[in-house]
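Take a look at the structure set out below.
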Amino acid sequence: EIHIKEPVEKEVHPHLLPGELLLCEASTVYKYIQEDGSNRGTYGKLVCTNFKIAFLDEDSASDDNEPQFKNKIVGENDITLQCVDQIYGVYDEKKKLLTGQLRKYPETLIIYCKDLRVFNFSLRYTKEEEVKRIVSGIVHHSQTPKLLKRLFLFSYASAAPNNTDGRNQTVMFDTLEDWRDELERTKGNVKYKAVTTNEGYRVSENLPLYFVVPICVSEESILKYEGRGIPIWCWSCHNGAALLKMSAFPKEQDDSTSQMQKAFLDGIYKTISKPPYELLKTDDLSSSLPSLQDIQTAYTRFKQLFLIDSSTDFWATDVKWFSLLESTNWLEIIRRVLKKAIEVAECLERQHTNVLLIEDSATDLCCVISSLVQVMMDSYSRTKLGFQSLIQKEWVIGGHSFLDRCNHLHKSDKEEAPVFLLLLNCVWQLVQQYPPAFEFTETYLTVLSDSLYVPIFSTFFFNSQHQKDTTMSGESLKTQSGSFRFLTVWDWSVQFDPKAQAFLNNPLYAEKPKPDKSQRKTARFKHQRQLSLPLTQTKSSTKRGFFREETDHLIKNILGKRIGKLINSSDEPPNSFREFYDSWHSKPVDYHGLLLPRIDGPEIKVWAQRYLRWIPEAQLHGGGTIATAAKILDLMEEVQRLQVKMDEEHSQAISGDVHSVPMLRNSARLSSLFPFALLQRQSVKPALPTSTWKDLEDEDDLVKRDDEFVDLSGDMS
Numbered sequence: 263e264i265h266i267k268e269p270v271e272k273e274v275h276p277h278l279l280p281g282e283l284l285l286c287e288a289s290t291v292y293k294y295i296q297e298d299g300s301n302r303g304t305y306g307k308l309v310c311t312n313f314k315i316a317f318l319d320e321d322s323a324s325d326d327n328e329p330q331f332k333n334k335i336v337g338e339n340d341i342t343l344q345c346v347d348q349i350y351g352v353y354d355e356k357k358k359l360l361t362g363q364l365r366k367y368p369e370t371l372i373i374y375c376k377d378l379r380v381f382n383f384s385l386r387y388t389k390e391e392e393v394k395r396i397v398s399g400i401v402h403h404s405q406t407p408k409l410l411k412r413l414f415l416f417s418y419a420s421a422a423p424n425n426t427d428g429r430n431q432t433v434m435f436d437t438l439e440d441w442r443d444e445l446e447r448t449k450g451n452v453k454y455k456a457v458t459t460n461e462g463y464r465v466s467e468n469l470p471l472y473f474v475v476p477i478c479v480s481e482e483s484i485l486k487y488e489g490r491g492i493p494i495w496c497w498s499c500h501n502g503a504a505l506l507k508m509s510a511f512p513k514e515q516d517d518s519t520s521q522m523q524k525a526f527l528d529g530i531y532k533t534i535s536k537p538p539y540e541l542l543k544t545d546d547l548s549s550s551l552p553s554l555q556d557i558q559t560a561y562t563r564f565k566q567l568f569l570i571d572s573s574t575d576f577w578a579t580d581v582k583w584f585s586l587l588e589s590t591n592w593l594e595i596i597r598r599v600l601k602k603a604i605e606v607a608e609c610l611e612r613q614h615t616n617v618l619l620i621e622d623s624a625t626d627l628c629c630v631i632s633s634l635v636q637v638m639m640d641s642y643s644r645t646k647l648g649f650q651s652l653i654q655k656e657w658v659i660g661g662h663s664f665l666d667r668c669n670h671l672h673k674s675d676k677e678e679a680p681v682f683l684l685l686l687n688c689v690w691q692l693v694q695q696y697p698p699a700f701e702f703t704e705t706y707l708t709v710l711s712d713s714l715y716v717p718i719f720s721t722f723f724f725n726s727q728h729q730k731d732t733t734m735s736g737e738s739l740k741t742q743s744g745s746f747r748f749l750t751v752w753d754w755s756v757q758f759d760p761k762a763q764a765f766l767n768n769p770l771y772a773e774k775p776k777p778d779k780s781q782r783k784t785a786r787f788k789h790q791r792q793l794s795l796p797l798t799q800t801k802s803s804t805k806r807g808f809f810r811e812e813t814d815h816l817i818k819n820i821l822g823k824r825i826g827k828l829i830n831s832s833d834e835p836p837n838s839f840r841e842f843y844d845s846w847h848s849k850p851v852d853y854h855g856l857l858l859p860r861i862d863g864p865e866i867k868v869w870a871q872r873y874l875r876w877i878p879e880a881q882l883h884g885g886g887t888i889a890t891a892a893k894i895l896d897l898m899e900e901v902q903r904l905q906v907k908m909d910e911e912h913s914q915a916i917s918g919d920v921h922s923v924p925m926l927r928n929s930a931r932l933s934s935l936f937p938f939a940l941l942q943r944q945s946v947k948p949a950l951p952t953s954t955w956k957d958l959e960d961e962d963d964l965v966k967r968d969d970e971f972v973d974l975s976g977d978m979s
């Protein structure tokens with residue numbers, strides 16, 4: 263039986279951005295709501311533009327149904343062409359992957375997205391001509407190789423009015439001044455210098471225009487091998503030890519060349535191992551961490567667990583959840599990367615040793631480890647501006663191949679690897695273990711991961727600064743008005759209005775106090791780690807079950823409690839590492855000092871918000887971290903109101919706004935999918951012969967009841 267909303271009477275037009283063109287459309291398309299076993303859904307129009315695929319129904323025409331957390335660029339039923347992962351057609355109830363030219367057209371289209379949404383469109387009631395046009399159009403524009411200049415990024419930059427407010431304070435690291443300021447901020451300017459050797463890209467197109475090297479390294483050395491074999495500075499620790507990176511020489515070389523390169527490297531190492539430099543430890547990441555291929559394979563398996571077609575699929579995988587999760591190896595890769603970052607932090611912090619990270623191009627795992635080390639050791643990198651500047655420095659200007667690694671142009675699957683997503687997953691582990699240490703929230707990280715696929719920002723759509731600069735100068739000549747300008751993703755006002763941006767800021771951030779200089783060394787935070795808000799450790803239940811009312815503990819249990827896993831892992835850290843790790847964890851946390859993630863077994867978790875946000879079966883009504891945040895925001899607003907009253911009584915005008923998030927009223931109505939899924943999305947529970955469902959339907963539901971849960975293991979067998 264199909265529950266049908268009548269086809270759209272009034273004409274609905276897509277909202278087009280500057281430079282966006284409608285390419286093809288189909289009417290009377292039926293979008294299934296795959297939240298239960300039924301075939302409920304809605305009729306509408308499916309359109310494809312040079313920017314996105316969009317489904318328009320009568321709700322699209324009205325503003326009554328606005329989502330709580332609205333993205334101004336990409337709507338709830340919009341999929342940017344870069345966000346399409348795979349497209350399947352259903353022929354006689356059989357699923358088939360759609361690529362290239364099609365001989366036969368499907369009756370149902372299933373689109374899997376890189377942000378893990380799944381769309382099901384029935385074309386049964388659509389005219390045959392329109393089916394051909396829309397299916398071949400969608401497949402062609404989202405799945406076939408394209409030229410860089412065919413990206414929507416260029417159409418938008420040419421057509422969009424140049425009127426952003428310019429309040430982006432993120433350090434972009436595209437000037438010499440930015441690098442000098444960073445050297446001064448980290449007190450690295452005594453031993454390191456910013457160089458202009460690569461101006462005009464005369465050293466290498468893979469290096470940024472400006473970068474920092476040890477003072478003793480000559481311009482001649484930098485030029486000799488196109489920047490290979492040169493230690494490039496990332497960051498300096500408070501004790502003077504520095505984190506460096508270097509792109510390695512190719513392994514396949516003839517003897518005489520490799521002898522010369524070895525002699526060159528020995529000379530460099532000798533120079534930077536003498537005073538005033540600290541001792542040097544080198545770490546070849548291509549041998550000590552998983553390969554990019556391993557990372558890609560693990561993530562491909564992992565994401566399949568969340569690309570759920572239907573409620574039935576969800577419950578089928580729930581029975582084998584832990585073994586499926588373990589077999590992907592994704593959490594183990596996150597653990598290994600975090601462990602490596604702790605090893606580097608130990609060398610810098612405790613051993614006062616310089617660390618040189620080596621990798622083929624120094625633009626993949628080097629970016630992950632150097633960024634993580636800075637997030638762990640430098641509290642500035644845990645502020646929003648600091649973190650954004652860090653991504654600019656290490657990834658955007660540092661030359662990470664976003665275009666290839668995200669496969670935005672569909673040129674080669676071999677180059678694809680979710681390296682930047684791996685970093686965000688690792689940072690999320692720290693954010694959820696130590697919430698007060700971060701000025702930004704997990705929602706900020708989730709939105710940042712989504713922005714990887716929004717081609718109106720240049721941030722994640724080039725392989726290098728050289729590629730961006732040459733493309734820009736070419737385009738500016740073509741655009742006679744001279745208004746050609748790319749947006750940066752760090753201007754959040756482009757995607758969100760101020761109300762929605764409030765979700766990106768952490769209300770519990772423990773801001774750095776400004777003590778007197780005489781007291782600075784002794785000032786210490788007394789917060790205990792047990793106060794970590796979203797996920798405090800609690801005793802695990804021995805029973806298996808899905809619907810628990812202890813909100814966050816449930817999500818924790820489903821997501822990654824693989825008990826005993828990894829604790830006795832074969833690559834158990836050596837004693838000095840273990841001693842450093844245990845010693846740090848035995849003390850109170852200074853939220854503005856060194857932060858070490860907990861990495862033993864069950865501590866590494868799945869990023870619930872990003873991976874489960876579109877799955878209604880996994881939501882907790884009135885629960886999850888968002889319900890906790892709502893309560894805290896209520897309290898904070900109350901405190902601020904009282905403060906205003908007190909100030910008024912003292913006749914003092916208060917400056918600044920009260921930062922409130924008006925959407926977070928009545929947290930019992932929210933669910934853990936908030937703010938991404940709409941509040942009215944309800945999941946219909948499977949028809950299981952158990953009286954417990956009745957209990958769950960009670961009005962005074964989850965908030966007021968004692969800890970209990972439904973044991974599904976008997977019923978599901």
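Read left to right, the sequence shown gives residues 263 to 979 (the numbering used here).
Cβ coordinates follow ideal geometry from the N, Cα and C atoms, glycine included.
So is residue i buried or exposed if we call it buried at 16+ other beta carbons inside 10 Å?
i	result
D626	buried
N830	Low confidence applies to N830: its pLDDT is 34, below 50, so where it sits in the model is not reliable enough to give any reading.
E678	buried
K776	exposed
D555	Note that residue 555 is Gln in the sequence shown here, rather than Asp. That one is exposed.
S549	exposed
P538	exposed
G736	exposed
H847	exposed
L359	exposed
D528	exposed
S480	exposed
N623	According to the sequence displayed, residue 623 carries Ser and not Asn. Answer is exposed; the Cβ neighbour count stays below 16.
V452	exposed
V972	Residue confidence is low: V972 scores 38 on pLDDT, short of 50, so the model does not pin down where it sits. Its coordinate-derived value is still stated next. V972 should be labelled buried.
H614	exposed
N501	exposed
Q566	exposed
S838	exposed
Can you tell me which of the three DSSP states residue i falls into?
i	result
Q521	helix
F414	helix
A889	helix
T733	helix
F317	strand
C478	coil
A772	coil
L356	For the record, residue 356 in the displayed sequence is Lys; it is not Leu. Three-state DSSP puts K356 in a strand.
S933	strand
V457	strand
F219	There is simply no residue 219 to check, as the chain begins at 263 and stops at 979 in what is shown.
C628	helix
Under 8 Å Cβ to Cβ from residue i, same chain only, skipping five residues before and after it: list those, please.
i	result
L652	S633, Q636, V637 and S643
K774	S641 and H854
F723	L413, L415, F664, L665, H670 and P717
L766	K646, F702, T703, T705, Y706, V709, W754 and F758
For residue i, which residues from the same chain have a beta carbon less than 6 Å from its beta carbon, with the 5 sequence-adjacent residues on both sides left out?
i	result
Q363	none
Given a cut-off of 8 Å, decide if residue j and residue i are closer than it, judged by their beta-carbon atoms.
i	j	result
P859	G661	no
V658	T721	yes
P680	Q871	no
C478	T562	no
For residue i, which beta-bridge partners are listed by DSSP?
i	result
W497	L505
Y374	Q348 and V380
C688	Answer is none; C688 lacks a bridge partner.
D340	A316
Y305	Y292
L542	N616
F719	L749
N767	F702
With a CB to CB cut of under 7 Å and the five nearest residues on each side skipped, what residues in its chain are close to residue i?
i	result
I758	According to the sequence as given, residue 758 is Phe; it is not Ile. Cβ within range, chain order: N333 and K334.
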